[in-house]
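Start counting the sequence shown at 1072; every next residue gets the next number (this note's numbering).
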Amino acid sequence: MSSHQSAAMKNDEWLTPPELLAPLGDFDLDPCAPIVRPWNTAAWHYDLNDDGLAFEWNGRVWLNPPFGREAVKWLRKMAQHGNGIALIPARTETAMFYECIWGKADAILFVKGRPHFHYVDGRRAAFNSGAPICLVAYGQANVKVLQESGLGVVLTITKESA
Ligand SMILES: C[S@@+](CC[C@H](N)C(=O)[O-])C[C@H]1O[C@@H](n2cnc3c(N)ncnc32)[C@H](O)[C@@H]1O
């Protein structure tokens, strides 16, 4: 299933609710943003016309990646980059979690409730994500942001030694 888990969310163009983004502060880069977007998520955006996976990432990254099989490629790049926050379904048992988050990220926040994502025209969906959502911090400054966000419970992660 693509995107988040609700069967009603059939494509990748599901935007992060502004109330989840606001407490997280300013980001330098969103490497996977819609071509036409109702609001900015960072100072700089890459979209499908650019291919955000092909570029070097700089600064503090906001990542709400295309889901399904594509997601792991984005999480791999985020783990390597090491500075930013990613939003993904809280499927904590998956291979992607073990490859890119457990032992690799610095903290995870389990979002309280199920967010309502937005259509690309800015409208809020009537239905919720249909699955638990989490925010993953890479870098200690982003751990602090999660801890102070009030968005849910934060678990710090012990890094594997390289
Ligand atoms: C789940 S949406 C998140 C949108 C936005 N980042 C946010 O947080 O609201 C994923 C976005 O990635 C875009 N996308 C998909 N493949 C991409 C690629 N190769 N390069 C850049 N953007 C891409 C889609 O068009 C979509 O807008």
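Quick reminder that beta carbons are idealized off the backbone N, C-alpha and C, glycines included.
Asked	Found
Helix, strand or coil: which one does DSSP assign to tryptophan 1115?	strand
Do you know how far the Cα of isoleucine 1204 is from the Cα of proline 1160?	4 angstroms
Check whether the Cβ of alanine 1202 lies closer than 7 angstroms to any heavy atom of ligand 1, and answer yes or no.	no
For ligand 1, I want to know if aspartate 1099 counts as a neighbour, meaning its beta carbon is within less than 7 angstroms of at least one of the ligand's heavy atoms.	no
Using a Cβ-Cβ cut-off of 8 angstroms (strictly less than) and excluding sequence neighbours within five positions of aspartate 1097, which residues of its own chain qualify?	Ala1113, Ala1114 and Arg1131
Can you say whether leucine 1119 is buried or exposed, counting buried as having 16 or more other CB atoms within 10 angstroms of its CB?	exposed
Specify whether the stretch 1207 to 1219 and the stretch 1084 to 1091 touch according to this definition: at least 3 beta carbon pairs, one from each stretch, less than 8 angstroms apart.	no
Spell out the partners DSSP gives cysteine 1205 in its beta bridges.	Ile1159 and Phe1181
Using a threshold of 8 angstroms, state whether the C-beta atoms of valine 1225 and alanine 1178 are closer than that.	yes
By a C-beta neighbour count over all protein chains shown, 10 Å radius and 16 as the cutoff for buried, is tryptophan 1128 buried or exposed?	buried
Do the CB positions of cysteine 1103 and proline 1136 come within less than 8 angstroms of each other?	yes
Provide the residue span of the alpha helix (DSSP H) that contains leucine 1217, from first to last.	1211 to 1220
Just the Cα atoms here: how many angstroms apart are lysine 1183 and valine 1191?	24 angstroms
Does ligand 1 have a heavy atom nearer than 7 angstroms to the CB of asparagine 1111?	no
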